[in-house]
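Asks:
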Amino acid sequence: MAPAAATDEEKAKKAAEKARRKAEFEAKRAKEGNPPKKKQLSKAERRELQEKQRADKEAKKNPKPKADKPPPPPVERPTTILGHLTKATSSTPPADGVPASIVELGQKYAAGEFDGSNDRCRSLLDAVRTSIKDYAPPPDAAAARDLDVKLKSWASYLEKCREPTASTLAALKRLRLVASTLPPDISPSEAQAAVETCCDRFREERVELAVREIGRRGAQKIRDGDVVVAYGYADAVEALFSEAVGRNFEVVVVDSAPAFAGRRLLNALYAKRVRTTYVRLTAAAPEIERATLVVLGADAVFSNGSILARSGAFAVAALAQRRHVPVLVTCEAYKCHDRVRLDAADANELFEFPSSDDTPPLTHLTYDVTPASYVSAVATEHGLLPPSAVAALIRELAEKETA
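To convert, note that position 387 of the sequence shown is 387 in the UniProt record's numbering; the numbers rise steadily by one, no gaps.
(1) What ranges does the alpha helix (DSSP H) occupy inside the stretch 253-285, keeping only unbroken runs of at least 4 residues that lie completely in it?
(2) Distance, Cα to Cα, Ala259 vs Phe351?
(3) Below 6 Å CB to CB, which residues in the same chain sit around Ala170 once its five sequence neighbours on both sides are set aside?
(4) In the stretch 168-242, which residue ranges form an unbroken alpha helix (DSSP H) of at least 4 residues, counting only runs that do not cross its ends?
(5) Contact between the stretch 264-278 and the stretch 300-320: three or more CB pairs below 8 Å?
(6) According to the Cβ coordinates, are Val195 and Val128 closer than 8 Å?
(7) What do you get for residue 407, buried or exposed, if any count of 16 or more other CB atoms within 10 angstroms of its CB means buried?
(8) Which value, in whole angstroms, describes the spacing of the CA atoms of Ala191 and Ala143?
(9) Taking Cβ to Cβ, would you say Ala377 is nearer than 8 Å to Leu328?
(10) With DSSP as the reference, label Met1 as helix, strand or coil.
(11) Just verifying my parser: in three-state terms, what is the DSSP assignment at Leu147?
(12) Under 8 Å, do Val207 and Trp154 count as touching if we go by C-beta distance?
(13) What residue range does the alpha helix (DSSP H) around residue 452 cover?
(14) Among the candidates Ala389, Asn62 and Glu238, whose CA atom is the shortest distance from the CA of Gly116?
(15) By the 10 Å Cβ neighbour count, where 16 or more other Cβ atoms means buried, how is Gln321 classified, buried or exposed?
(16) For Cys198, collect the residues of the same chain with a Cβ closer than 7 Å to its Cβ; drop the 5 residues on either side in sequence, then sort them by chain order.
(17) State the start and end residues of the unbroken alpha helix (DSSP H) segment that holds Ala55.
(18) For the beta strand (DSSP E) that Ala379 lies in, which residues bound it at each end?
(19) Using a Cβ-Cβ cut-off of 7 Å (strictly less than) and excluding sequence neighbours within five positions of Lys221, which residues of its own chain qualify?
(20) Once DSSP output is grouped into helix, strand and coil, what is the label at Leu328?
(21) Quick one: give me the first and last residue of the alpha helix (DSSP H) that residue 412 is part of.
(22) Which residues bound the alpha helix (DSSP H) around Asp343?
(23) With respect to the beta strand (DSSP E) encompassing Ala391, which residues constitute its N-terminal and C-terminal limits?
(24) Is it true that the CB of Glu243 sits closer than 8 Å to the CB of Gly262?
(25) Give the straight-line distance between the Cα atoms of Met1 and Asp8, rounded to the nearest whole angstrom.
(26) Nearest to His337 by alpha carbon, out of Asp299, Arg223 and Tyr374?
(27) Pick out whichever of Ile132, Leu308, Arg290 and Asp368 has its Cα sitting closest to the Cα of Cys331.
(28) On the CB-based measure, 16 or more other CB atoms within 10 Å of its CB, does Arg203 come out buried or exposed?
(29) Around the C-beta of Val390, are 16 or more other C-beta atoms found within 10 angstroms, so that it is buried, or is it exposed?
(30) When you compare only the Cα positions, how much space is there between Glu399 and Ile186?
(31) Starting from the C-beta of Arg280, find all residues in its chain whose C-beta is less than 8 Å away, skip the five residues before and the five after it, and write them out in chain order.
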């Protein structure tokens, strides 16, 4: 009976404590005054109040812009891995002092009239030679210094029209080197003559003679009964086949959109009565399977031995390597570049196919990069070199130019 009595006593204490707290609360409430009771809201009034509170909350999150300060324009950001690449454009306004021949050349670059790297270099040298005839430095400027500044501005304008190639970069580098090393007191006529001579020598020695020498050296690799696969077009590739005329061999020209540069090589070989087959890139595999040699023209060869060529060359080289067919790359030495290129997305040029109302615009990479491991030899005017020897050739040429 004792535990039950204890439980009743605890309950009585709790009840007394509860009554005491209630009495204190009532006394405090009576002292402060009874607050008015809230009005009971109907269901519609509660919904209206909730909607108003929700609208006020959204207004705080998204404040309205001030009337006197317009919102900033949207910033275009690249949305793909190729967003950093440029397209050729003919809407670039020329800077002050850019001659008409350079402006015309920039428009032709943008329109794609000069597609090959050698053709672009020749057209550049011709435009500079034409522009320099009317050159006259300001009265208070030295001819040598002003000429270098003008060449730099011309190069900047052409670069805005279209991404420069290794060939045009090498030509402009040589021209600016000649202009910067002229004596400060040289007359304008002497400066003009020096630049004209540089244009003529560069074109004859670094382009024309180089193409013929590469053709002579490369033709030694063609024997009777060979089936040679060539992709696209290059001056040195055409020279190589021209040197081999008279031997019993067959050429398979592989071509692809959008340039279809292989048609130019096809016409040249047809005029020389060379037995030729023309196929698209999608049908190249069976032809490479029976080939004894693959010849590619390069737009540039980098110091790590990788090859920059028309888009599709990498696919041809990969097919050749899989079937153990040697790949010979023709490249003039002035197009050997001291940069290192690992893939085509690093720096390239975009070509946009013409579109209509029924078809969306399609963008195409102009060049691709072939790793050195896919190349058997690089044919230059200095000889047939392994890709690993390109870096040494670049150093030797740089030492000769600065000597």
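Just so it is clear, CB atoms sit at the ideal spot from N, CA and C, and this is done for glycine as well.
Since we're looking at a predicted model, the values are computed, not measured.
Replies: Reading from the atomic positions:
(1) 262-271
(2) 10 Å
(3) Tyr334
(4) 188-201 and 209-219
(5) no
(6) yes
(7) Residue 407 lies beyond the range of the chain shown here (1 to 403); nothing can be said about it.
(8) 7 Å
(9) yes
(10) Per-residue confidence for Met1 stands at a pLDDT of 46, beneath the threshold of 50, marking its modelled position as unreliable; the derived number appears in the next sentence. In the structure shown, Met1 sits in coil (DSSP, three-state: anything other than H, G, I, E or B).
(11) helix
(12) no
(13) Lying outside 1 to 403, the shown extent of the chain, residue 452 is not represented and no answer is given.
(14) Glu238
(15) buried
(16) Arg174, Leu175 and Val178
(17) Lys43 to Lys61
(18) Ala377 to Thr380
(19) Leu293 and Leu328
(20) strand
(21) An answer regarding residue 412 cannot be provided, because it is not within the stretch 1 to 403 covered by the chain.
(22) Asp343 -> no alpha helix (DSSP H), and no H or E assigned at all.
(23) No beta strand (DSSP E) contains Ala391, which is instead part of the alpha helix (DSSP H) from Val390 to Thr402.
(24) no
(25) Only weak support is given to the placement of Met1: the predicted model assigns it a pLDDT of 46, under 50, and the question is left unresolved by the model.
(26) Asp299
(27) Leu308
(28) buried
(29) buried
(30) 26 Å
(31) Val254, Asp255 and Ser256
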